[in-house]
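K.L.:
Sequence lines, in order, name chains A and B. Anchor point for the first sequence: position 177 equals 177 in the working numbering, and the numbering is continuous, going up by one each time. Anchor point for the second sequence: position 121 equals 121 in the working numbering, and the numbering is continuous, going up by one each time. First the structure, then my questions, so here it is.
There are 2 protein chains.
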Amino acid sequence: MQNFTKFGKKIVAICRNFSEHAKELGNAVPTSPTFFLKPTTSYLLSGGKLEIPKGCIVHHEVELGVVIGKDGRDIRKSEAMNYVEGYALGIDMTARNLQEVAKKKGLPWSTSKGFDTFTPIGEFIPKSEIKDPHNVDLWLKLNEEIKQNGTTKDMIFDIPTLIEHVSSIMKLEKGDLILTGTPSGVGPIHPGQVITAGLNVNDKNLSTIKFPVVERVGLFEYKL
Amino acid sequence: MQNFTKFGKKIVAICRNFSEHAKELGNAVPTSPTFFLKPTTSYLLSGGKLEIPKGCIVHHEVELGVVIGKDGRDIRKSEAMNYVEGYALGIDMTARNLQEVAKKKGLPWSTSKGFDTFTPIGEFIPKSEIKDPHNVDLWLKLNEEIKQNGTTKDMIFDIPTLIEHVSSIMKLEKGDLILTGTPSGVGPIHPGQVITAGLNVNDKNLSTIKFPVVERVGLFEYKL
Ligand SMILES: [Mg+2]
Ligand SMILES: [Mg+2]
Ligand SMILES: [Mg+2]
């Protein structure tokens with residue numbers, strides 16, 4: 001499953017799954033899980049560069065990714081962990097100014113969440129290496145400054161609940177990724193900075209990712 | 001490319017690309033293309049049944065699908081048709097009551113657009129069979145009653161413009177589908193009905209799809 005980023009078809013990203021993060025953006029804490037889709041073309045693998053599209057204010061959201069190991073629909077909570085093959089550290093990059101406009105106008109989030117390189121992703125971590133996915137520390141630095149430092153203990157909806165909910169709407173397939181939401185501390189990132197994120201269990205680091213940030217070259221430019 | 005539904009990873013669906021349809025839902029006519037993502041798990045192929053999730057008011061939107069033939073990013077309008085391998089008739093099924101709530105709350109459209117079976121799709125049509133994709137008739141019937149009867153002449157943004165816009169945000173890959181928006185006449189569909197849709201060029205039918213409509217059995221139920 002090392003190469004789930006190559007054959008997986010879906011990235012399902014949960015929003016507002018940490019109450020401190022919901023509050024920092026002025027959002028209501030939800031009563032059921034809410035999610036959106038990111039395209040797999042947004043994966044950014046080791047060795048690449050994180051691209052900031054022109055005119056976009058881009059925020060980092062460090063998250064635990066859950067890698068699905070077999071196909072399932074209407075998966076019950078009690079069975080859900082049997083569908084998990086492993087984990088990966090991910091960052092759900094978000095063009096916050098575009099997302100704010102979309103939210104106000106009632107439009108989809110797909111552009112603000114879906115640019116190429118907007119899902120930096122770490123190596124596949126086999127399930128056996130994380131005994132309790134609800135006790136994982138997630139951290140993120142811009143250059144040398146810590147910006148996010150949270151724990152999956154604070155998730156509002158746990159992983160079995162997320163799998164049951166998503167699979168009651170859309171079939172999950174081997175290689176799909178569920179991003180489980182970000183803890184608080186999100187903020188903007190700029191070309192010239194370096195973004196580093198890590199996933200620790202009991203103070204042991206299991207995954208680190210590091211990417212230089214550049215301006216996206218190309219046709220896209222957001223103008224108010 | 002007959003099996004683009006098997007290996008393709010993205011369905012990019014354009015919204016409000018026909019002004020009569022934008023008006024019928026009370027939406028502003030857009031000044032640039034807007035899109036959302038549907039999961040490929042939502043494809044419904046010949047022989048299947050269209051499922052209506054409990055508590056959902058589900059609308060039909062008949063659309064011309066464009067099948068991408070090679071990978072590209074920042075594809076210019078002038079080159080865009082070289083990336084088109086063919087076409088397919090599609091229906092962008094929408095849980096309209098869930099979408100209305102999402103729009104009011106500024107939440108993503110992924111649930112309302114993403115249920116299993118929510119993208120009924122016809123056979124691959126090679127590019128050579130449709131000389132002018134901007135002169136294609138699209139029609140849809142519920143049982144024997146015609147509900148939609150439009151032409152791609154009325155698109156606000158043409159196919160090259162859509163390809164340039166989407167690929168300036170997210171890379172397009174071989175097998176991806178772009179649904180180009182629906183003409184007016186959308187409306188609800190209920191278990192027990194039969195939905196039939198067709199794609200005609202100069203009064204010649206190139207594709208017809210037909211599906212029985214059933215209630216979705218499973219865990220999902222929408223309650224206000
Ligand atoms: Mg997808
Ligand atoms: Mg997120
Ligand atoms: Mg549509």
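Using N, Cα and C, we set each Cβ at its ideal position, and we do this for glycine too.
#1: Excluding the five sequence neighbours on either side, which residues of its own chain have a C-beta within less than 7 Å of the C-beta of residue 44 of chain A, listed in chain order?
#2: Just list the residues that DSSP pairs residue 59 of chain A with in beta bridges.
#3: Determine the chain B residues that contact residue 115 of chain A at a beta-carbon separation under 7 Å, and present them in chain order.
#4: Does residue 227 of chain A pass the burial test, meaning 16 or more other C-beta atoms within 10 Å, or should it be called exposed?
#5: Which residues in the same chain have their Cβ closer than 8 Å to the Cβ of residue 102 of chain A, if we skip the five residues on either side of it in sequence?
#6: By the 10 Å Cβ neighbour count, where 16 or more other Cβ atoms means buried, how is residue 33 of chain B classified, buried or exposed?
#7: Is any non-hydrogen atom of ligand 5 found closer than 7 Å to the C-beta of residue 56 of chain A, if you look at the structure I gave you?
#8: Under 6 Å Cβ to Cβ from residue 221 of chain A, same chain only, skipping five residues before and after it: list those, please.
#9: Using the DSSP secondary-structure output, state which residues sit across from residue 205 of chain B in a beta bridge.
#10: Of the choices B:143, B:164, B:176 and B:137, whose alpha-carbon is the least far from that of residue 202 of chain B?
#11: Looking at residue 20 of chain B and ligand 3, is the gap between the Cβ and the nearest heavy atom below 7 Å?
#12: Contact check, residue 208 of chain A vs residue 198 of chain A under 8 Å by CB: the rounded distance?
#13: Kindly say whether residue 26 of chain A, judged by its beta-carbon, lies nearer than 8 Å to any beta-carbon of chain B.
#14: Within the 8 Å Cβ cut-off, does residue 128 of chain B reach chain A?
#15: Within 10 Å of its beta-carbon, does residue 99 of chain A have 16 or more other beta-carbons around it, so buried, or fewer, so exposed?
#16: Count the other C-beta atoms from every protein chain shown that fall within 10 angstroms of the C-beta of residue 164 of chain B, then say buried if there are 16 or more, exposed otherwise.
#17: Residue 164 of chain B CB to nearest chain A CB: under 8 Å?
#18: Please state whether DSSP places residue 115 of chain A in a helix, a strand or coil.
#19: If you measure from the CB of residue 63 of chain B, is any heavy atom of ligand 3 nearer than 7 Å?
#20: How about residue 66 of chain A and residue 95 of chain A: are their beta carbons less than 8 Å apart?
#21: How about residue 49 of chain B: is its C-beta nearer than 8 Å to some C-beta of chain A?
#22: What three-state label does DSSP hand residue 160 of chain A in the structure shown?
#23: With 16 other CB atoms within 10 Å as the buried threshold, where does residue 76 of chain B fall?
#24: Can we say the segment 78–98 of chain A touches the segment 22–37 of chain B, given the rule of at least three CB pairs closer than 8 Å?
#25: What is the residue span of the alpha helix (DSSP H) that residue 13 of chain B lies within?
#26: Mind listing the chain B neighbours of residue 152 of chain A? Cutoff is C-beta to C-beta under 9 Å, in chain order.
#27: Can you say whether residue 60 of chain B is buried or exposed, counting buried as having 16 or more other CB atoms within 10 angstroms of its CB?
#28: Span of the alpha helix (DSSP H) holding residue 5 of chain A?
#29: Threshold first: 3 residues or longer. Then list the beta strand (DSSP E) segments lying entirely within the segment 24–80 of chain A, N to C.
#30: Please classify residue 126 of chain A as buried or exposed, where buried requires at least 16 neighbouring CB atoms within 10 angstroms.
#31: Would you kindly check if the distance between the Cβ of residue 128 of chain B and the Cβ of residue 218 of chain A is under 8 Å?
#32: Kindly list the residues whose CB is nearer than 7 Å to the CB of residue 85 of chain B, restricted to its own chain and excluding five residues on each side of it in sequence; keep chain order.
#33: At a cut of 8 Å, does the segment 10–18 of chain B reach the segment 132–147 of chain B through at least three beta carbon pairs?
#34: Starting from the Cα of residue 78 of chain B, find the closest Cα among B:189, B:162, B:179 and B:188 and give me that residue.
#35: Using Cβ-Cβ distances below 7 Å, what residues of the segment 94–107 of chain B are close to chain A?
#36: Give a yes or no on whether 8 Å exceeds the smallest Cβ distance from residue 219 of chain B to chain A.
P.N.:
Per the coordinate set shown:
#1: Here the question's residue 44 of chain A lines up with position 44 in the first sequence. Answer for residue 44 of chain A: 50, 117, 119, 120, 121 and 211, listed in chain order.
#2: For the purposes of this step, residue 59 of chain A is taken as the residue at position 59 of the first sequence. According to DSSP, residue 59 of chain A bridges with A:94 and A:188.
#3: Residue 115 of chain A sits at position 115 when you count from the first residue of the first sequence. Simply 169 and 170.
#4: With chain A covering only 1 through 224, there is no way to say anything about residue 227 of chain A.
#5: In the first sequence, residue 102 of chain A corresponds to position 102, counting from 1. Taken in chain order, the residues that qualify are 108, 109, 111 and 112.
#6: Taking the second sequence and counting its residues from 1, the one referred to as residue 33 of chain B is at position 33. It counts as buried.
#7: Among the ligands in the structure shown, ligand 5 does not appear; only ligand 1, ligand 2 and ligand 3 can be found there.
#8: Position 221 of the first sequence, counted from the start, is the residue given in the question as residue 221 of chain A. Within the same chain, residue 221 of chain A has close Cβ partners 54 and 55.
#9: To locate residue 205 of chain B, count along the second sequence from 1; it is residue 205. B:200, per the DSSP bridge assignment.
#10: Taking the first residue of the second sequence as 1, we reach residue 202 of chain B at position 202. Comparing Cα-Cα distances from residue 202 of chain B to each of B:143, B:164, B:176 and B:137, the minimum goes to B:137.
#11: Position 20 of the second sequence, counted from the start, is the residue given in the question as residue 20 of chain B. Not so, every heavy atom of ligand 3 lies at least 7 Å from the Cβ.
#12: Within the first sequence, numbered from 1, the residue matching residue 208 of chain A stands at position 208. Within the first sequence, numbered from 1, the residue matching residue 198 of chain A stands at position 198. 5 Å between Cβ atoms; contact.
#13: The sequence position of residue 26 of chain A within the first sequence is 26, counting from 1. Judged by the 8 Å Cβ criterion, residue 26 of chain A is not in contact with chain B.
#14: Stepping through the second sequence from its first residue, residue 128 of chain B is reached at position 128. Answer no: the Cβ-Cβ gap between residue 128 of chain B and chain A never drops below 8 Å.
#15: Position 99 of the first sequence holds residue 99 of chain A. By the 10 Å Cβ count, residue 99 of chain A comes out buried.
#16: Taking the second sequence and counting its residues from 1, the one referred to as residue 164 of chain B is at position 164. Looking at its Cβ environment, which holds 16 or more other Cβ atoms inside 10 Å, residue 164 of chain B is buried.
#17: In the second sequence, the residue the question calls residue 164 of chain B occupies position 164. Closer than 8 Å to some Cβ of chain A, the Cβ of residue 164 of chain B qualifies, so yes.
#18: What you label residue 115 of chain A is simply residue 115 of the first sequence in a count that begins at 1. Coil.
#19: The count along the second sequence starts at 1 and reaches residue 63 of chain B at position 63. Checking the Cβ of residue 63 of chain B against ligand 3 gives yes.
#20: Counted from its first residue, the first sequence places residue 66 of chain A at position 66. Counted from its first residue, the first sequence places residue 95 of chain A at position 95. No. Outside cutoff.
#21: Taking the first residue of the second sequence as 1, we reach residue 49 of chain B at position 49. No - not a single Cβ of chain A is within 8 Å of the one on residue 49 of chain B.
#22: The residue you call residue 160 of chain A lines up with position 160 of the first sequence. If DSSP states are grouped into helix, strand and coil, residue 160 of chain A belongs with the helices.
#23: Looking up residue 76 of chain B in the second sequence gives position 76. Exposed, since its Cβ has fewer than 16 Cβ neighbours within 10 Å.
#24: no
#25: One-based indexing of the second sequence puts residue 13 of chain B at position 13. No alpha helix (DSSP H) holds residue 13 of chain B; the beta strand (DSSP E) holding it covers 11–15.
#26: Residue 152 of chain A sits at position 152 when you count from the first residue of the first sequence. Those within 9 Å of residue 152 of chain A in chain B number zero; the least Cβ separation is about 22 Å.
#27: By one-based count along the second sequence, residue 60 of chain B stands at place 60. Per the 10 Å Cβ criterion, buried.
#28: For the purposes of this step, residue 5 of chain A is taken as residue 5 along the first sequence, with counting starting at 1. Start and end: 4–7.
#29: 34–38, 50–52, 58–60 and 62–68
#30: Residue numbering aside, residue 126 of chain A sits at position 126 when the first sequence is read from its first letter. Exposed, because fewer than 16 other Cβ atoms sit within 10 Å of the Cβ of residue 126 of chain A.
#31: Mapped onto the first sequence, residue 218 of chain A falls at position 218. Mapped onto the second sequence, residue 128 of chain B falls at position 128. Against a cut-off of 8 Å, the Cβ pair of residue 128 of chain B and residue 218 of chain A comes out as no contact.
#32: Within the second sequence, residue 85 of chain B is the residue found at index 85, counting from 1. 1, 67, 68, 69 and 127, listed in sequence order.
#33: no
#34: Position 78 of the second sequence, counted from the first residue, corresponds to residue 78 of chain B. Among B:189, B:162, B:179 and B:188, the Cα nearest to that of residue 78 of chain B is on B:162.
#35: 103, 104, 106 and 107
#36: The sequence position of residue 219 of chain B within the second sequence is 219, counting from 1. Yes, its Cβ sits closer than 8 Å to a Cβ of chain A.
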